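Participant: In terms of my numbering, the sequence shown opens at residue 182 and continues consecutively.
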Amino acid sequence: MSSWDNWLEAERERRVQSALERRLQVTEQPAEPIAYRGGARLVNLSSNNYLGLAGHPLLIEAAAKGAARGAGSGSSRLVAGNDPETAALEEKIAAFKGSEAALLIGSGYLANVGVLAALADRETAVFSDRLNHASIVDGVRLSGAQAHRYRHLDLDHLEELLRNSNAGRKLIVTDTIFSMDGDVAPLAELVELKNSYGALLVIDDAHGGGVFGPNGEGYAHELGLAGEIELTIGTFSKAFGAYGAYVAASRAMIDQLVSSCRTLIYSTALPPSVVSSVDVSIELVRVAGDRRDALRKKFEHFRTRLTGLGFDTGASMTQIVPAIVGVSERALELAQTLEERGVLAVAIRPPTVPAGQARIRFSLMASHLDDDLELALEAIESVL
Ligand SMILES: Cc1ncc(COP(=O)(O)O)c(C=O)c1O
């Protein structure tokens, strides 16, 4: 056996022993309220297609029309990949977000990694909520900045770290809606703190976009704070039902990123089908008030019922509702039993969540039928 075989075997053994083995599973209709695994019908509580737009006929039509221009974009935006549709889409995103400019990037992961690595360097101190998404963690690491992780939502801890730092430039970064907890960042207080300490505030609105704001503009719009935040990153892969991501910021900031964001510069531009579907998804999100209302009713009802059953749903206030159960084995067992009873809800384990806080993560969609949610709640009750 080579040293690589030994290593692979030891790693596999370690993962299995600690219930951290991950497996790809084939799921049909993965973004629909009802999905199928091995032919079994499952109420899908694992998709981020929050508004139910991924299967919208107009989005599918837009993707097909885009694909007629070619299946791939052929090169990076900075080479020849910046077609007229992509350039026009950026203007549309800026108008939608109410920002001076916008930049389209391959995915939310690429946006976070690229933007943080481009803006921060060794002279910069970055202050990041401890439960921020992995792509933020990776971006901070890659930047080589002085990294400070503050306790989740703990403004006193953040202020202490800001006060003690004498870095030339300071940057605070937070998820708006935390992806595994469904709780929300205290944006008003973060704006105050960043103003007091001359820091830049970067928000990742992956789970807020489409769902919050009068027209789905995002969580900062919901709170009337969009104008106070220097840089917003968001993704079109969740409530928008498509793919790709954006940065909304000042023209000067976007110009800086165009010349320095390596995940933009060294990666092929999004394909025409995606550009066209994002374009239409913004229109659909704008007028999706009824879907937003339906989603809110569903997640509030679902969370209330789960808490009523005795589950720890943490501080969830959104469409992401965790049932925190503790050890990974328990979470895996629950997910397995739920699947046997017709519910698709995945177990989330470390390192995605802190050790001892494994959970089932439920995510709600506007397109869930009340009867199906009732079936799911009954199945959840039956596994207790
Ligand atoms: C908070 C957060 N940021 C970024 C991402 C990455 O976005 P994308 O899936 O578009 O790469 C995700 C999830 O995937 C997320 O939950």
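In this text, a Cβ means the ideal position worked out from N, Cα and C, and glycines have one as well. Please read these numbers as outputs of a predicted model, since none were measured by experiment.
1. Under DSSP, the beta strand (DSSP E) around residue 225 begins and ends at which residues?
2. Under three-state DSSP, which class holds residue 274?
3. Please determine whether the Cβ atom of residue 293 lies at a distance below 7 Å from any heavy atom of ligand 1.
4. Just to check my reading of the structure: residue 355 and residue 343 have Cβ atoms closer than 8 Å, yes? What is that Cβ distance to the nearest angstrom?
5. Apply the 10 Å Cβ neighbour rule to residue 239 and answer buried if 16 or more other Cβ atoms are within range, or exposed otherwise.
6. Does the region 397 to 411 come close enough to the region 419 to 439 to have 3 or more Cβ pairs within less than 8 Å?
7. Is it right to say residue 307 is buried, meaning 16 or more other beta carbons lie within 10 angstroms of its own, or is it exposed?
8. Using DSSP with H/G/I as helix, E/B as strand and the rest coil, what is residue 320?
9. What residue ranges within the region 342 to 384 form continuous beta strand (DSSP E) runs of no fewer than 3 residues, ordered along the chain?
10. Under a three-way DSSP split, which group does residue 452 fall into?
11. Nearest to residue 585 by alpha carbon, out of 556, 535, 552 and 550?
12. Cβ atoms of residue 191 and residue 212: under 8 Å apart, would you say?
13. Could you compute how far the alpha carbon of residue 416 sits from the alpha carbon of residue 182?
14. Pick out whichever of 384, 403, 209 and 561 has its Cα sitting closest to the Cα of residue 353.
15. Pairs of beta-carbons, one from the region 221 to 236 and one from the region 539 to 548, closer than 8 Å: are there three or more?
16. Which ranges does the alpha helix (DSSP H) cover as unbroken runs of at least 4 residues, wholly within the region 278 to 327, from first to last along the chain?
17. Could you say if the region 471 to 486 and the region 435 to 451 meet the contact criterion of at least three C-beta pairs nearer than 8 Å?
18. Should residue 267 be listed as close to ligand 1, given that the test is whether its C-beta is under 7 Å from any heavy atom?
19. At which residue ranges does the region 402 to 464 contain complete alpha helix (DSSP H) runs of 4 or more residues, listed in the order of the chain?
20. Is any heavy atom in ligand 1 found nearer than 7 Å to the beta carbon of residue 427?
21. For residue 507, does the three-state DSSP call read helix, strand or coil?
22. So for residue 502, helix, strand or coil by DSSP?
23. Less than 8 Å between the CB atoms is what I'm expecting for residue 368 and residue 411, so what's the real figure, rounded?
24. DSSP puts residue 493 in a beta bridge; with which residues?
25. Mark residue 293 as exposed unless 16 or more other C-beta atoms lie within 10 angstroms of its C-beta, in which case mark it buried.
26. Could you tell me whether any Cβ in chain C is nearer than 8 Å to the Cβ of residue 354?
27. Would a C-beta distance cut-off of 8 Å place residue 560 and residue 527 closer than the cut-off?
28. Write down the C-beta distance between residue 453 and residue 254 rounded to the nearest angstrom, noting that I regard them as a contact closer than 8 Å.
29. By Cβ distance, which residues of its chain are closer than 7 Å to residue 317, with the 5 residues on each side in sequence left out?
30. Once the 5 residues before and after residue 284 are set aside, which same chain residues still bring their CB inside 6 Å of it?
31. Using the beta-carbon count (16 or more within 10 Å), is residue 485 buried or exposed?
32. Leaving out five residues before and five after residue 404 in sequence, what residues of the same chain have Cβ atoms less than 7 Å from its Cβ?
33. Considering only C-alpha positions, which residue in the set 445, 492 and 394 is nearest to residue 262?
34. Just grab the DSSP bridge partners of residue 541 for me.
35. Measure the alpha-carbon distance for residue 324 versus residue 315 and round it to whole angstroms.
36. Roughly how many whole angstroms lie between the Cα atoms of residue 462 and residue 281?
Facilitator: Straight from the coordinates:
1. Unbroken beta strand (DSSP E) run through residue 225: 221 to 225.
2. DSSP places residue 274 in the helix class (H, G or I) of the three-state scheme.
3. yes
4. At roughly 13 Å, the Cβ-Cβ gap does not stay under 8 Å, so residue 355 and residue 343 are not in contact.
5. exposed
6. yes
7. buried
8. helix
9. Counting whole runs of 3 or more residues, the region 342 to 384 contains the beta strand (DSSP E) stretches 350 to 356.
10. coil
11. Residue numbering for the chain in the displayed model covers 182 to 565; residue 585 lies beyond these limits and cannot be assessed.
12. no
13. 44 Å
14. Cα-wise, what sits closest to residue 353 is 384.
15. yes
16. 289 to 300 and 315 to 324
17. The region 471 to 486 vs the region 435 to 451: no contact.
18. no
19. 432 to 441 and 443 to 446
20. no
21. strand
22. Residue 502: strand per DSSP, three-state reduction.
23. Not really, about 13 Å apart at Cβ, beyond 8 Å.
24. 505
25. Here residue 293 is buried, its C-beta having at least 16 other C-beta atoms within 10 Å.
26. Among the protein chains of the structure shown there is no chain C, as only one such chain exists.
27. With respect to residue 527, residue 560 sits apart: the two C-beta atoms are not nearer than 8 Å.
28. Here residue 453 really is in contact with residue 254; their C-beta atoms are around 7 Å apart, less than 8 Å.
29. 293, 297, 309, 354 and 385
30. 428, 435 and 438
31. exposed
32. Contacts found: 368 and 369.
33. 445
34. Under DSSP, residue 541 forms a beta bridge with 504 and 528.
35. A direct Cα-to-Cα measurement between residue 324 and residue 315 gives close to 14 Å.
36. 21 Å
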